[in-house]
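**Student:** Quick one: this structure, given as structure tokens, is what I'll be asking you about.
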Amino acid sequence: MDMIASRNDSAKHSSVLDTRAFRGVCGLFVTGVTVITSQAGGEPVGVTVNSFTSVSLDPPLVLFCIHHLSRVWPVIEQTESFAVNILAEDQAEVCRAFATKAHPHFSTVKSRYGATGVPILDDALGYLECTLHRVIDGGDHLIVIGRVVDFGAQREDGPLTFFRSGHLRLEI
Ligand SMILES: Cc1cc2nc3c(=O)[nH]c(=O)nc-3n(C[C@H](O)[C@H](O)[C@H](O)COP(=O)(O)O)c2cc1C
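Just so we're aligned, residue 26 is where the sequence shown starts under the numbering used here, counting upward by one.
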């Protein structure tokens, strides 16, 4: 009983007071890496995101979380559409490029426009094109749920991963 109380206290302490340690523990969960893209007024935008997950098969729903001050979020909110581009193992440079606020991101990648007008990265492993389904408050992030309207697999290589702030090479 005492031990449970003390564990709870310690968990509370680390999540409230030590953001860096909290991020470190979350970073022990290995993920893939995506670039979320959208477009308004002919200007494509994109941001690196690893908070992507699938949600539902019927209807087909996926989600990602984005910081509420993101430069890309207002574009998605306006157009109500976005694409999830799943990065391949040789796209660490693309991951880095879309994780900065520097422009222009799209000069370094080949892309085309999908059915809803959002950019699709040609060299991504695969993509999911979505319309905006629902947005949920998630603290300093927004939980963005999209309804998949088109998708495709484009390559058969391994994925780019994210673990402890770096990339792990998977043997497949
Ligand atoms: C591997 C990786 C994963 C990331 N995942 C997310 C994420 O899930 N949500 C998020 O808001 N930012 C995430 N970021 C940070 C954004 O990519 C970064 O802050 C970017 O500059 C935000 O751009 P914007 O504010 O111009 O939209 C991630 C960065 C990296 C390198």
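Note that the Cβ used here is the ideal one computed from N, Cα and C, for glycine as well.
Along the chain, which unbroken stretches of the alpha helix (DSSP H) at least 4 residues long are found entirely within the segment 160-197?
**Tutor:** none
**Student:** Quick check on PHE188: buried or exposed, where buried means 16 or more other Cβ atoms within 10 Å of its Cβ?
**Tutor:** exposed
**Student:** Given this structure, state the Cα-to-Cα distance separating SER63 from VAL50, to the nearest angstrom.
**Tutor:** 31 Å
**Student:** Please report the straight-line C-alpha distance between ILE170 and VAL160, rounded to a whole angstrom.
**Tutor:** Spanning the two alpha carbons is a distance of roughly 6 Å.
**Student:** From which residue to which residue does the alpha helix (DSSP H) around PHE47 run?
**Tutor:** Counting along the chain, the alpha helix (DSSP H) containing PHE47 begins and ends at 44-51.
**Student:** With DSSP as the reference, label SER31 as helix, strand or coil.
**Tutor:** Low confidence applies here, because SER31 scores a pLDDT of 38, under 50, leaving its location unreliable; read the following figure in that light. Residue state, collapsed to three classes: helix.
**Student:** Please find out if some non-hydrogen atom of ligand 1 comes closer than 7 Å to the beta-carbon of PHE123.
**Tutor:** yes
**Student:** Three or more C-beta pairs closer than 8 Å, one from the segment 112-121 and one from the segment 142-149: is that the case here?
**Tutor:** yes
**Student:** Expressed to the nearest angstrom, what Euclidean distance is found between the alpha-carbon atoms of ALA178 and GLU154?
**Tutor:** 12 Å
**Student:** What is the rounded straight-line gap between the Cα of LEU195 and the Cα of PRO129?
**Tutor:** 30 Å
**Student:** Taking the alpha-carbon positions, what's the GLU114 to GLU181 distance?
**Tutor:** Taking the straight line from one Cα to the other gives about 11 Å.
**Student:** Return the Cβ separation of SER106 and THR141 in integer angstroms, given the expectation that the two are a contact with Cβ distance under 8 Å.
**Tutor:** Confirmed, about 4 Å.
**Student:** Quick check: the Cα distance between SER95 and PHE89, rounded to an integer number of angstroms?
**Tutor:** 13 Å
**Student:** How many whole angstroms separate the CB atoms of THR186 and GLY57, which I take to be in contact at a CB cut-off of 8 Å?
**Tutor:** 6 Å
**Student:** According to the Cβ coordinates, are GLY139 and ALA108 closer than 8 Å?
**Tutor:** yes
**Student:** Let me check you understand the geometry: is the CB of THR133 closer than 7 Å to at least one non-hydrogen atom of ligand 1?
**Tutor:** no
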